[in-house]
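Participant:
2 protein chains.
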Amino acid sequence: MNKKQLFEQIKSKKSFLCVGLDPVLENIPKHLLKYENPVLEFNKQIIDATKDLCVAYKPNTAFYESMGLKGWETLIKTWQHIPKGIFTIADAKRGDIGNTSAMYADAFFNEDKSGMSFDSITVAPYMGKDSVGPFLEYKDKWVILLALTSNTGHSDFQLHKTPEGKLYEEVIRISSQWANSEQLMYVVGATRGSEFENIRRLAPDNFLLVPGIGAQGGSLADVCEYGLNKECGLLVNSARAIIYASKGEDFAEKAREEALNVQKEMEQILLSAKLI
Amino acid sequence: MNKKQLFEQIKSKKSFLCVGLDPVLENIPKHLLKYENPVLEFNKQIIDATKDLCVAYKPNTAFYESMGLKGWETLIKTWQHIPKGIFTIADAKRGDIGNTSAMYADAFFNEDKSGMSFDSITVAPYMGKDSVGPFLEYKDKWVILLALTSNTGHSDFQLHKTPEGKLYEEVIRISSQWANSEQLMYVVGATRGSEFENIRRLAPDNFLLVPGIGAQGGSLADVCEYGLNKECGLLVNSARAIIYASKGEDFAEKAREEALNVQKEMEQILLSAKLI
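Respectively, the protein sequence lines represent chains A and B.
Converting from the first sequence to our numbering requires adding 530 to each position, the first position being numbered 1.
Converting from the second sequence to our numbering requires adding 530 to each position, the first position being numbered 1.
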């Protein structure tokens, strides 16, 4: 999916919500355990209940890998169930030397080889340019580079001062020489509200993937105040608040209600910003 | 496996060789294509031919993920085939927020959940302490943190100056507060020979996992000059030079010859250093 198509989807759905598909077998409703693959059934029902309210789905690969071979199969089948036209993010935080990153690109972008073809993958920046390059060779596929993350450990290295600025600023500044805003997004935690103004100065045109709303404590209003740009420029992720809105038989219905609440809030924000 | 057991293995095998199990279907001998799982058969024969000459095996997860569901199954079965008592490294370069890294720990350390229980995993440091912590909760399991990598992109961020030193030095200095040398190793590329003296000053007791010998151009002698410590402290990885020593029917035999050459060189180094 290219940037124009993504923005069109945002305008038509009046939403920039990304739903995080991070299921844990122990946390899904008990009535689903009768299915041959309860986690897949859970994901399918969540997707079916929210697909008109969000513009992206983001399965975090860790949740699938933790379930072994069956988990990897669930990841593939979850990707297959997401309707075409919705932006898909493999939240995999990969990155390796060039020839090995090319293998990761096959894993997540090359359906013929791996059974999956996400629109994008999250990548850790530590190994530099050649760890990112192979992903950029796929037309209309995206790298979403970790910049300033939502966790407490963000302060261990990301805020380190360098002669040119903080490390995360350097990650944005240097990586923007590798690709433009048609293929490169950044992860910026919603819990980092005060830094959004600064990030928009460095990356005015890039989409930002923003986790940390809800369970992690970030505020949508704070993020949008400085994060919005002329093409929206934000994909705001919510996982637990939506997928675990209820742990009963009404989980999908409650997930929809929660997603609808967020979509309505986003619609107001888009209207106020005159983007729709 | 704990550090003492690892050093005992090094002394008894007179080797600190790690064999990188990074198979690509297109590159494995044609006569293996008759097997139901050619890549698994390739790995098994490589393991059987080299297991008395190396102390560790390191499958890079990218090579398996690129083959989809069958690839993940091959990774699990490859781990199962490695004899107990040999150190196993999941070269996965993972790392996420704390509760998600706990899922990756399940994926690679918790056999009951995932079918695999490697001794160690490589982790990218960018997300900081809580991205590493969950792996350290497993007794006698290791985090191998990326410090100074072998690829060209190492210079994009790892050498950035901070007030306390280069970024990779900060990674070593700060992470050494999270765990001691009984659970923490560092990845240092063999192509970074001139930095080994400096790294040993910062991490005198930690094992270093050293890729980049052979195909990537690093020298074993250069690495050992400054890298060896009183418990050897080095695991030197070789992948392509061993596993593709021949692409014919004699591939396992030739892999053994190549591994034996490296083991003999390592034996001389260990003797010269009076470690055996």
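We put the beta carbon where it would ideally sit given N, CA and C, even for glycine.
Since we're looking at a predicted model, the values are computed, not measured.
Would you mind giving the Cβ-Cβ distance between B/LEU726 and B/LEU765, rounded to the nearest angstrom? I have them listed as a contact below 8 Å.
Facilitator: Position 196 of the second sequence, counting from 1, holds the residue named residue 726 of chain B. Position 235 of the second sequence, counting from 1, holds the residue named residue 765 of chain B. Reading the sequence as shown, one finds Phe at residue 726 of chain B and not Leu. With a Cβ gap of about 14 Å, B/PHE726 and B/LEU765 do not count as contacting.
Participant: Counting only beta-carbon separations shorter than 8 Å, does A/GLY615 have a partner in chain B?
Facilitator: Here residue 615 of chain A refers to the residue found at position 85 when the first sequence is read from its first residue. Cβ-Cβ to chain B under 8 Å: no for A/GLY615.
Participant: Once the 5 residues before and after A/TYR698 are set aside, which same chain residues still bring their CB inside 6 Å of it?
Facilitator: On the first sequence, residue 698 of chain A is found 168 positions in, with the first residue counted as 1. Here the set comprises ALA677, LEU678 and GLN688.
Participant: Are there 16 or more other CB atoms within 10 angstroms of the CB of B/TYR668, so buried, or fewer, so exposed?
Facilitator: Within the second sequence, the letter at position 138 stands for residue 668 of chain B. Answer is buried; the Cβ neighbour count reaches 16.
Participant: In or out: A/LYS623 buried (at least 16 other Cβ within 10 Å) or exposed?
Facilitator: For the purposes of this step, residue 623 of chain A is identified with residue 93 of the first sequence, where counting begins at 1. Burial call: buried.
Participant: If we require 3 or more residues per run, which beta strand (DSSP E) segments fall completely within the stretch 535 to 597 of chain B?
Facilitator: 547 to 551 and 586 to 589
Participant: Along the stretch 631 to 664 of chain A, where does the CB come closer than 7 Å to a CB of chain B? Name the residues.
Facilitator: Residues MET633, TYR634, ASP636, ALA637, LYS643, SER644, GLY645, ALA654, PRO655, TYR656, MET657, GLY658, LYS659, ASP660 and SER661.
Participant: Would you please state the rounded distance, in angstroms, between the beta carbons of B/VAL673 and B/GLN713? I believe it to be under 8 Å.
Facilitator: Taking the first residue of the second sequence as position 1, residue 673 of chain B is located at position 143. Taking the first residue of the second sequence as position 1, residue 713 of chain B is located at position 183. Rounded, the Cβ-Cβ distance is 7 Å, consistent with contact.
Participant: Between the stretch 687 to 703 of chain A and chain B, which residues of the former have a C-beta closer than 8 Å to a C-beta of the latter?
Facilitator: Residues passing the 8 Å Cβ filter: PHE687, GLN688, HIS690, LYS691, THR692, PRO693, LEU697, GLU700 and VAL701.
Participant: Excluding five sequence neighbours on each side, which residues of the same chain lie with their C-beta closer than 7 Å to the C-beta of A/SER768?
Facilitator: By 1-based counting over the first sequence, the position of residue 768 of chain A is 238. Closer than 7 Å at Cβ, skipping near neighbours: LEU547, VAL549, GLY550, ILE743, GLY744 and VAL792.
Participant: For A/GLU700, which residues of its own chain have a beta-carbon under 8 Å away from its beta-carbon, when the five flanking residues on both sides are left out?
Facilitator: Counting from one through the first sequence, the residue named residue 700 of chain A turns up at place 170. Excluding sequence neighbours, A/GLU700 sits near THR692 and GLU694.
Participant: Taking C-alpha atoms, which residue in B/LEU675, B/HIS561 and B/LEU750 lies nearest to B/GLY778?
Facilitator: On the second sequence, residue 778 of chain B is found 248 positions in, with the first residue counted as 1. Checked all of B/LEU675, B/HIS561 and B/LEU750; the closest Cα to B/GLY778 is B/HIS561.
Participant: State the Cα-Cα distance for the pair A/GLN539 and A/GLU797, rounded to the nearest angstrom.
Facilitator: Counting from 1 along the first sequence, the entry for residue 539 of chain A is found at position 9. Counting from 1 along the first sequence, the entry for residue 797 of chain A is found at position 267. Roughly 13 Å between the two C-alpha positions.
Participant: Is any beta-carbon of chain A found at less than 8 Å from that of B/GLY747?
Facilitator: Your numbering for residue 747 of chain B matches position 217 in the second sequence. Closer than 8 Å: no.
Participant: Taking all protein chains shown into account, decide if B/GLY520 is buried (16 or more other Cβ within 10 angstroms of its Cβ) or exposed.
Facilitator: Residue 520 of chain B is absent from the model: chain B starts at 531 and stops at 806.
Participant: How is A/TRP672 classed by DSSP in three states: helix, strand or coil?
Facilitator: Residue mapping note: residue 672 of chain A aligns to position 142 of the first sequence, counting from 1. Reduced to three states, the DSSP call for A/TRP672 is strand.
Participant: At a CB distance below 8 Å, what residues from the stretch 573 to 595 of chain B approach chain A? Give them in sequence order.
Facilitator: Against chain A - using a Cβ distance shorter than 8 Å - the residues of the stretch 573 to 595 of chain B are ASN590, ALA592, PHE593 and GLU595.
Participant: Give the C-beta separation of B/SER545 and B/CYS584 to the nearest angstrom, bearing in mind that I take them to be a contact with Cβ-Cβ under 8 Å.
Facilitator: If you number the second sequence from 1, residue 545 of chain B lands on position 15. If you number the second sequence from 1, residue 584 of chain B lands on position 54. B/SER545 to B/CYS584, Cβ: 6 Å. Contact.
Participant: List the residues that DSSP assigns as beta-bridge partners of A/ALA620.
Facilitator: Mapped onto the first sequence, residue 620 of chain A falls at position 90. DSSP output for A/ALA620 lists A/ILE651 as bridge partner(s).
Participant: Restricting to Cα atoms, I'd like to know which of B/LYS543, B/PHE537 and B/LEU536 is closest to B/ALA789.
Facilitator: Taking the second sequence and counting its residues from 1, one reaches residue 789 of chain B at position 259. Answer by Cα proximity: B/LYS543.
Participant: So that I know if they touch, is there some Cβ in chain A lying closer than 8 Å to that of B/HIS684?
Facilitator: Within the second sequence, residue 684 of chain B is the residue found at index 154, counting from 1. Yes, B/HIS684 counts as interfacial toward chain A.
Participant: Going by Cα to Cα distance, which pick from B/TYR634, B/PHE638 and B/GLY625 is closest to B/ILE619?
Facilitator: Walking along the second sequence from the start, residue 619 of chain B turns up at place 89. Nearest option by C-alpha distance: B/PHE638.
Participant: Which chain B residues sit within Cβ distance under 7 Å of A/GLY628?
Facilitator: Walking along the first sequence from the start, residue 628 of chain A turns up at place 98. Chain B residues near A/GLY628: ASN681.
Participant: Is B/LEU758 near the ligand NAP - that is, is its Cβ less than 7 Å away from at least one heavy atom of it?
Facilitator: Because no ligand of any kind appears in the structure shown, any question about the ligand NAP cannot be addressed here.
Participant: Determine the DSSP secondary structure at A/ALA771, reduced to helix, strand or coil.
Facilitator: The residue you call residue 771 of chain A lines up with position 241 of the first sequence. Here A/ALA771 carries a helix assignment [DSSP, helix/strand/coil].
Participant: Taking the beta strand (DSSP E) that B/LEU738 belongs to, which residues open and close that run?
Facilitator: Reading the second sequence from its first residue, position 208 is the one you call residue 738 of chain B. Residues 738 to 740.
Participant: Taking the Cβ atom as the reference point for each residue, do B/SER711 and B/LYS533 lie within a distance shorter than 8 Å?
Facilitator: One-based indexing of the second sequence puts residue 711 of chain B at position 181. One-based indexing of the second sequence puts residue 533 of chain B at position 3. Their beta carbons are under 8 Å apart, which means B/SER711 touches B/LYS533 by this criterion.
Participant: Hey, quick one: how far does the alpha helix (DSSP H) through B/LEU800 stretch, first residue to last?
Facilitator: Sequence index remark: in the second sequence, residue 800 of chain B carries index 270 (1-based). It spans 781 to 802 - the alpha helix (DSSP H) in which B/LEU800 sits, taken as one unbroken run.
Participant: Indicate whether A/ALA592 and B/TYR774 have their beta-carbon atoms separated by less than 8 Å.
Facilitator: In the first sequence, counting from the first residue as 1, residue 592 of chain A sits at position 62. In the second sequence, counting from the first residue as 1, residue 774 of chain B sits at position 244. Taking 8 Å as the Cβ cut-off, A/ALA592 and B/TYR774 do not qualify as a contacting pair.
Participant: What residues are listed by DSSP as bridge partners for B/CYS716?
Facilitator: Mapped onto the second sequence, residue 716 of chain B falls at position 186. In the sequence on display, residue 716 of chain B carries Tyr and not Cys. In DSSP, B/TYR716 forms a bridge with B/LEU675 and B/LEU738.
Participant: Going by other Cβ atoms of all chains shown within 10 Å of its Cβ, with 16 needed for buried, is A/LEU512 buried or exposed?
Facilitator: For residue 512 of chain A there is no data in the structure shown, the boundaries of chain A being 531 and 806.
Participant: Scan the stretch 714 to 746 of chain A for residues whose Cβ lies nearer than 7 Å to a Cβ of chain B and list them as they occur along the chain.
Facilitator: none
Participant: Specify the secondary structure class of B/LYS614 as computed by DSSP and reduced to three states.
Facilitator: Stepping through the second sequence from its first residue, residue 614 of chain B is reached at position 84. If DSSP states are grouped into helix, strand and coil, B/LYS614 belongs with coil.
Participant: Give a yes or no on whether the C-beta atoms belonging to A/LEU732 and A/CYS762 are separated by under 8 Å.
Facilitator: Against the first sequence, residue 732 of chain A aligns to sequence position 202. Against the first sequence, residue 762 of chain A aligns to sequence position 232. The answer is no: Cβ separation not under 8 Å.
Participant: Strictly below 8 Å CB to CB, what residues from chain A border B/LEU676?
Facilitator: Your numbering for residue 676 of chain B matches position 146 in the second sequence. The contacting residues are TYR656 and MET657.
Participant: Determine, using beta carbons only, whether B/LEU536 and B/PHE617 come nearer to each other than 8 Å.
Facilitator: Mapped onto the second sequence, residue 536 of chain B falls at position 6. Mapped onto the second sequence, residue 617 of chain B falls at position 87. Their beta carbons are under 8 Å apart, which means B/LEU536 touches B/PHE617 by this criterion.
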